[in-house]
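Student: If you read the protein sequences in the order shown, they are chains A and B.
The opening position of the first sequence corresponds to residue 1 in our numbering, with each subsequent residue numbered one higher.
The opening position of the second sequence corresponds to residue 1001 in our numbering, with each subsequent residue numbered one higher.
For glycine and all other residues, C-beta sits at the position ideal for the given N, C-alpha and C.
Predicted model, so just to flag it, every value in this text is computed and none were measured.
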Amino acid sequence: MSGDRLGGALWDITIPKPLDAEERGRRIVEAAFEDRQKQRGRAFNRFRYKSSAALACGLAALLAVLMLSPAGAAVRDWVDEAISSGAPRPEPTLAKIPGGGKLLVQTGEGPWVVQADGSRRPLGDYEAASWSPHGLFVAAAKGRTLSALEPDGTPRWSITAGKRVAFPGRRIVSPTWSPSGERIAYRSGFDLRVIAGDGTEDRLLDGSIDVGTPPDARISPAYVPPEWSPTSEGELAYVTGAGRLRILDSETGAVLAAAPAMGRITWMDWGANGKKILEASPGRLRLRPVLPAGTPSRPALGRAHRLPLSPGAAVVDAALAPKRPLVAASITHWKKHGTYSEIVIFRPGKGSRVLLTVPGSLGQVVWSPDGRRVLAAWPGANQWLFLPLGGGRGQAIANISRAFSPDGQPTSFPLVEGWCCRR
Amino acid sequence: MREAQDGSGAAMAQLYALHWRGAYRAAFLVVHDAAAAEDIAQDAFLAAVDALDRFDRRRPFRPWLHRIVVNRALDWTRREALRRRADGAESVFEPLPPPDEIGGEMIAALKELPAEQRAVVVLRHLLEYTPGEIARMLDLPRGTVNSRLRRGLDRLREAAEVDAVMEGRR
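1) Please tell me whether D191/A has its Cβ less than 8 Å away from any Cβ of chain D.
2) Using DSSP with H/G/I as helix, E/B as strand and the rest coil, what is F346/A?
3) Quick check on L362/A: buried or exposed, where buried means 16 or more other Cβ atoms within 10 Å of its Cβ?
4) Going by the beta-carbon positions, is the gap between A985/B and L1018/B smaller than 8 Å?
5) With a 10 Å radius around its C-beta and 16 neighbouring C-beta atoms as the bar for buried, classify V366/A as buried or exposed.
6) Can you check which of these residues, T266/A, V224/A, D206/A, is closest to T252/A by C-alpha distance?
7) Using alpha carbons as the reference points, say which of L1140/B, R1002/B, E1038/B lies closest to R26/A.
8) So, are the CB atoms of L387/A and I343/A less than 8 Å apart?
9) Going by DSSP, what residues sit across from A396/A in a beta bridge?
10) Please go through the same chain and pick out, in chain order, the residues whose beta-carbon is closer than 7 Å to the beta-carbon of P1141/B, but skip the five residues on each side of it.
11) For R298/A, I'd like the list of residues in its chain whose CB is within less than 7 Å of its CB, leaving aside the five on either flank, ordered along the chain.
12) Please work out which residues of its chain come closer than 7 Å, Cβ to Cβ, to A1048/B, disregarding the five sequence neighbours upstream and downstream, and give them in chain order.
13) What does a CB cutoff of less than 6 Å around A403/A pick up in its chain, not counting 5 residues either side in sequence?
14) Helix or strand or just coil, what does DSSP make of V239/A?
15) Based on the DSSP output, what are the partners of R286/A in its beta bridges?
16) So, S368/A versus G99/A, is the Cβ gap smaller than 8 Å?
17) How far does the beta strand (DSSP E) with R353/A in it reach, from first residue to last?
18) On a Cα-Cα basis, can you pick out the residue from P359/A, T154/A, I345/A, P325/A that is closest to K335/A?
19) If we count the other Cβ atoms within 10 Å of its Cβ and call it buried at 16 or more, is L1029/B buried or exposed?
20) With 8 Å set as the bound, which would you pick, yes or no: does the beta-carbon of I1134/B sit closer than that to a beta-carbon of chain A?
21) Report the three-state DSSP secondary structure of E1112/B (helix, strand or coil).
22) With 8 Å as the threshold, decide whether the Cβ of R36/A is near any Cβ in chain B.
23) Could you tell me whether any Cβ in chain A is nearer than 8 Å to the Cβ of Q1117/B?
24) Compute the Euclidean distance between the alpha carbons of G418/A and H134/A, then round it to the nearest angstrom.
25) So the alpha helix (DSSP H) D216/A belongs to, where does it begin and stop?
26) When you compare only the Cα positions, how much space is there between E1112/B and I1040/B?
27) Give the C-beta separation of L123/A and A129/A to the nearest angstrom, bearing in mind that I take them to be a contact with Cβ-Cβ under 8 Å.
Pasting the structure below:
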């Protein structure tokens, strides 16, 4: 088939078009254009009146009086609230990470390490990556190969499934480093495996964990990435195809605790000093207490509690704070007109607080290592938002996709794989 | 473009009328979701309004707009793939036109291609950019563009033949 014929065919294909899509877009673009014109007009007017210092001083004095009066205070509170729930004004480039630490970022071309001063380096064309506990190494997977890399991308060791893993031809996914750094858990196909941090002692923990996936499930619950206990060395949580949440002893492979996982669970997070597991799906969030093992007893999974979501809210991402039972969730309210998104902090038993509201949709939410702020991804605005929990407007950084493009041109929006390291 | 930069609403409306159809079609052929394609096309034009003052008048508007459209469409497909993989939700793809509609086999075959191949095919054969231009737009080596094109075309050729048979049957 010639290129011309294909071009013609692509133009001739009957494609669905939402009713009035072109007209709706035209009105929105026209409105944006008019806004731009008004802003330009205001900027011009500001320039014209710039020299009118007396007027400016008068206005400033009037504002000061208004803000200090009781009525003014109410206005000020209202203004503060309106501003604090909106996005901060963005910095144009990633010059430093607010709050410090290091980020591991996955792009379409592979992972990058971002240092606290904003300097960044690609590690190679790996498909998944995870920090070692102190950020000294990165576990990275590509195809059937699992590698440990130094933060400059130098490989320390690699294994290839097929030579040392039982089922050749199966991709390695979800490499996850244990908090002590001694082990890396990963999945090869649907086998859950563990390997020592120095690349030795690779072994099977549980085979074919997708067994039991209901026939009507489009995706097996076994796709949920495994999670290490943040405090107890060697305890690993994962979900089976039959929808059981299990905690394993990664040394012996023994099942230490099990409970039914939330229906349609899509990801989980083990945090709050190891005392809670967050179970999440696009429609629900549940927080489950984990009762720690005391000698000689085993850990136990408590009864899960549902976190309240408003009707129609879609959970885009959620994460449990490292040390406290706080859940940060990125929630989108889909509307035919006026879709908006929020970053909500849930304090189980004490309600929730909206940290940020923006038009459109937000992406990931990631806790800082000290649990004092969250990073919210805003792909539509090409920004990362760093939002402090203790109040204040936070910081925004623009042009994120450009920051991870080798030639500085905009490309796909990256995913944050980890913010390292807990201090 | 120059008139739009100078504040002419009519010029902006003309740019929109000239390019919306191509932007929407390109976005749809990559994401295969009408609502997402509408958002992506709209988003690209809003980005254009936003960047009007900074736009270099010596550069053409069309590739600049299409670069945004296709990169956003690829972002969307990657996000959706991640979400679906984790989610188990219903397919985000809209029902395809039945095979006896115009291009039914072609669109089904296009959907079977990986998103990156779809994007390259759409840029080359719908929007008629050269492989060199596509390489710059997608930040890819030219060899990668060529190989994606070749693989994509091989898979579409078969669909085109089926469509030709369907055309003959009508």
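Tutor: Let's see:
1) Absence of chain D from the displayed structure is noted, the protein chains being A and B.
2) Taking the first sequence and counting its residues from 1, the one referred to as residue 346/A is at position 346. F346/A: strand per DSSP, three-state reduction.
3) The residue labelled residue 362/A in the question sits at position 362 within the first sequence. Burial call: buried.
4) Because chain B in this structure spans residues 1001 to 1170, residue 985/B falls outside the shown range and cannot be described.
5) Translated into the one-based positions of the first sequence, residue 366/A becomes position 366. Buried.
6) Residue numbering aside, residue 252/A sits at position 252 when the first sequence is read from its first letter. When only C-alpha atoms are compared, the closest one is D206/A.
7) Here residue 26/A refers to the residue found at position 26 of the first sequence. Nearest C-alpha to R26/A: E1038/B.
8) The residue labelled residue 387/A in the question sits at position 387 within the first sequence. The residue labelled residue 343/A in the question sits at position 343 within the first sequence. Result yes, Cβ atoms of L387/A and I343/A sit closer than 8 Å.
9) In the first sequence, residue 396/A corresponds to position 396, counting from 1. BP columns for A396/A point to P90/A, L385/A.
10) For the purposes of this step, residue 1141/B is taken as the residue at position 141 of the second sequence. The residues are A1135.
11) Within the first sequence, residue 298/A is the residue found at index 298, counting from 1. Residues L256, A257 of the same chain have their beta carbon placed closer than 7 Å to that of R298/A, with the five preceding and five following residues left out of the count.
12) As a first step, residue 1048/B is located in the second sequence; it is residue number 48 there, counting from the start. The residues are L1065.
13) Looking up residue 403/A in the first sequence gives position 403. These residues qualify, in order along the chain: L94.
14) The count along the first sequence starts at 1 and reaches residue 239/A at position 239. In the structure shown, V239/A sits in a strand (DSSP, three-state: E or B).
15) Reading the first sequence from its first residue, position 286 is the one you call residue 286/A. R286/A is bridged to E279/A, R306/A.
16) Counted from its first residue, the first sequence places residue 368/A at position 368. Counted from its first residue, the first sequence places residue 99/A at position 99. Result yes, Cβ atoms of S368/A and G99/A sit closer than 8 Å.
17) Working through the first sequence from its first residue, we reach residue 353/A at position 353. Segment 352-359, the beta strand (DSSP E) holding R353/A.
18) On the first sequence, residue 335/A is found 335 positions in, with the first residue counted as 1. Nearest C-alpha to K335/A: P359/A.
19) Numbered from its first residue, the second sequence carries residue 1029/B at position 29. The residue in question, L1029/B, is buried, as its Cβ has 16 or more Cβ neighbours within 10 Å.
20) Taking the second sequence and counting its residues from 1, one reaches residue 1134/B at position 134. No, I1134/B does not count as interfacial toward chain A.
21) As a first step, residue 1112/B is located in the second sequence; it is residue number 112 there, counting from the start. Per DSSP, reduced to three states, the secondary structure at E1112/B is helical.
22) Along the first sequence, read from residue 1 onward, the residue named residue 36/A stands at position 36. So yes, R36/A belongs to the interface.
23) For the purposes of this step, residue 1117/B is identified with residue 117 of the second sequence, where counting begins at 1. No, because no Cβ of chain A sits closer than 8 Å to the Cβ of Q1117/B.
24) Position 418 of the first sequence holds residue 418/A. Position 134 of the first sequence holds residue 134/A. Near 12 Å, if we compare the C-alpha coordinates of H134/A and G418/A.
25) Here residue 216/A refers to the residue found at position 216 when the first sequence is read from its first residue. It is not in any alpha helix (DSSP H) - D216/A carries neither H nor E in the DSSP assignment.
26) For the purposes of this step, residue 1112/B is identified with residue 112 of the second sequence, where counting begins at 1. For the purposes of this step, residue 1040/B is identified with residue 40 of the second sequence, where counting begins at 1. Roughly 21 Å separates the two Cα atoms.
27) Walking along the first sequence from the start, residue 123/A turns up at place 123. Walking along the first sequence from the start, residue 129/A turns up at place 129. At roughly 7 Å, the Cβ-Cβ gap stays under 8 Å, so L123/A and A129/A are in contact.
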